[in-house]
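Worksheet: one structure, shown below.
Protein chains in written order, with the numbering used here: chain A, 289 to 398; chain B, 340 to 453.
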């Protein structure tokens with residue numbers, strides 16, 4: 289059974305601080321995706337990484353895929369209240385199935 | 340272009356009843372996946388359809404079923420509802436079945452079983 293472990297589960301920080309969310313597994317994934325979900329809505333795709341060691345930047349968000357394609361991290365620089373939400377990582381185990389992590393609930397206080 | 344549309348948004352059912360949820364994918368997307376989201380279990384994969392064929396199924400009992408129509412719209416059905424079926428049911432679509440490159444999710448159907 290493929291599992292994706294996310295840490296931390298909860299994070300409450302002050303506006304302007306930096307943070308990193310981790311996503312780890314013992315399984316190799318064909319791709320790793322990050323989503324953000326707000327209450328009452330479906331997850332929204334932030335990024336997809338497919339190559340081991342790949343780093344992608346999206347404004348203040350930096351995503352990294354581990355060399356062995358088993359883990360990933362999301363780093364947010366100078367967090368803002370608008371970054372508040374549930375962050376989910378998802379590993380692709382085939383072209384049509386994703387395994388989701390348990391999520392990291394982020395609260396950025398003004 | 341229009342996003343993924345799920346109907347209804349909210350549903351309250353009684354134990355033992357059955358329910359049908361609907362999902363209209365983004366125009367041109369032929370792959371539709373269904374997920375169940377609960378506070379305790381997170382997002383769990385239910386099944387995926389591509390061109391009316393179920394290609395993959397998660398570890399859910401046979402009470403959970405689905406289908407896809409020729410216009411790519413999909414429905415999922417849950418029979419003999421149990422309290423534990425209360426959850427947010429999410430539908431996601433992707434173009435050409437390339438789910439590995441990202442899904443577009445609908446807003447979900449919040450099912451409450453009483």
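We put the beta carbon where it would ideally sit given N, CA and C, even for glycine.
- Taking each of 305(A), 334(A) and 323(A) in turn and checking the Cα distance to residue 390(A), the smallest one comes out for 323(A).
- Taking a Cβ-Cβ threshold of 9 Å, none of the residues of chain A is close to residue 404(B); the smallest such distance is about 18 Å.
- Within the same chain, Cβ atoms closer than 6 Å to the Cβ of residue 404(B) are found at 416, the five residues on either side in sequence being excluded.
- By the CB criterion at 7 Å, residue 343(A) and residue 352(A) fall inside the cutoff.
- Near chain A, meaning a CB-to-CB distance below 9 Å, the residues of the segment 399–429 of chain B are 427 and 429.
- Contacts between residue 329(A) and chain B, judged by CB atoms closer than 7 Å, involve 446 in chain order.
- The Cβ atoms of residue 304(A) and residue 429(B) lie no closer than 7 Å to each other.
- Relative to the Cα of residue 385(B), the nearest Cα in the group 406(B), 368(B), 363(B) and 357(B) belongs to 406(B).
- Under the Cβ distance rule, residue 342(B) does not count among the residues neighbouring chain A, no pair being separated by less than 7 Å.
- The continuous stretches of beta strand (DSSP E) do not include residue 453(B), and DSSP gives it neither H nor E.
- Closest in C-alpha terms to residue 379(A), from the list 341(B), 425(B), 348(B) and 442(B), comes 442(B).
- Between the alpha carbons of residue 348(B) and residue 355(A) lies a gap of roughly 41 Å.
- Annotated three-state conformation of residue 291(A) is coil, per DSSP.
- Taking a beta-carbon distance threshold of 7 Å, residue 362(A) does not count as an interface residue toward chain B.
- With contacts defined by Cβ atoms closer than 7 Å, residue 300(A) and residue 395(A) form a contacting pair.
- Excluding its 5 nearest sequence neighbours in each direction, residue 451(B) has C-beta neighbours in its own chain below 6 Å: 351 and 425, listed in chain order.
- Among the residues facing chain B, residue 395(A) is not included, as its CB has no counterpart in that chain under 7 Å away.
- About 19 Å separates the beta carbons of residue 313(A) and residue 334(A), which is beyond the 8 Å limit, so they are not a contact pair.
- Scanning the segment 359–414 of chain B from its first residue to its last, the whole beta strand (DSSP E) runs of 3-plus residues come out as 370–377, 381–389, 392–396 and 403–407.
- Rounded to whole angstroms, the Cβ separation of residue 345(B) and residue 361(B) is 7 Å, and the two are in contact under 8 Å.
- Chain B has a Cβ within less than 7 Å of the Cβ of residue 333(A).
- Membership of residue 419(B) in any beta strand (DSSP E) is not indicated, and neither H nor E is assigned to it by DSSP.
- Cβ-Cβ distances below 8 Å link residue 353(B) to 420, 452 and 453 in the same chain, with the five nearest sequence neighbours on each side left out; the list follows chain order.
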